[in-house]
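Trainee:
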Amino acid sequence: MEFIYSRVLPGELLHVIKKLSEVEFQEEFRKDIIDADNFIQCSSLKMDAGHTFKPHKHIYKDRHYPRQIAQESWVVIRGSVRCVFYDLDDTILSEPILKAGDASFTLAGGHTYVILEDNTTVYEFKTGPYEGQEFDKTFI
383 MEFIYSRVLP
393 GELLHVIKKL
403 SEVEFQEEFR
413 KDIIDADNFI
423 QCSSLKMDAG
433 HTFKPHKHIY
443 KDRHYPRQIA
453 QESWVVIRGS
463 VRCVFYDLDD
473 TILSEPILKA
483 GDASFTLAGG
493 HTYVILEDNT
503 TVYEFKTGPY
513 EGQEFDKTFI
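Using this note's numbering, you'd call the opening residue of the sequence shown number 383 and step up by one each time.
See the structure below:
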């Protein structure tokens, strides 16, 4: 995995890149990609045929956080994408290329994406609920 930290606030993890090729060499069944103290969660699961899980459902919880930020992930399904990741002061930190099966996670800081191939398909995941652009983002 590639961890991209702030230069402005050293030690502050802003962006994470997970490549599909890394999962192929994963030895453990479950590998957490994003730490549990973030709003967005993701783990890679490497499983053999026949693996299953005990049926379950998730419960509603009353949560009240003093501060909350939308966190976002892109998973490239087909094609390729150049990510542009920004620091907390809006300077560019990194411009990695994602290919099919790769994922990006933005925990803080800014980002944009440049599509490199026609018919590129991406799944985008964000924390919610979404309350409108004025409460969600500012433009760099």
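Ideal Cβ placement from N, Cα and C applies to all residues, glycine included.
A quick note: this is a predicted structure, and the numbers were derived from the prediction, not measured.
What do you get for ALA431, buried or exposed, if any count of 16 or more other CB atoms within 10 angstroms of its CB means buried?
Mentor: By the neighbour-count rule (16 or more Cβ atoms within 10 Å), ALA431 is not buried but exposed.
Trainee: For ASP471 and VAL390, which I take to be in contact (beta-carbon distance under 8 Å), what is that distance rounded to the nearest angstrom?
Mentor: Confirmed, about 5 Å.
Trainee: Below 8 Å, is the gap between the Cβ of LEU427 and the nearest heavy atom of the ligand NAD?
Mentor: Ligands are entirely absent from the displayed structure, and the ligand NAD is therefore not among its contents.
Trainee: How would you write the range of the beta strand (DSSP E) that VAL390 sits in, first residue to last?
Mentor: Looking at the DSSP string, VAL390 is not in any beta strand (DSSP E), and its letter there is neither H nor E.
Trainee: Can you list, in chain order, the residues of its chain with a C-beta nearer than 6 Å to that of LYS400? Leave out the 5 residues immediately preceding and following it.
Mentor: The residues are MET383, ILE415 and ALA485.
Trainee: Please report the residue range of the alpha helix (DSSP H) in which LEU402 lies.
Mentor: Looking at the DSSP string, the run of the alpha helix (DSSP H) that includes LEU402 is 402 to 406.
Trainee: With a Cβ-Cβ cutoff of 9 Å, do SER455 and ILE497 count as a contact?
Mentor: No, the Cβ-Cβ distance between SER455 and ILE497 is not below 9 Å.
Trainee: Any chance you could list the beta strand (DSSP E) runs of at least 3 consecutive residues sitting entirely within the segment 483 to 513, in chain order?
Mentor: Runs found: 485 to 488, 493 to 497 and 503 to 508.
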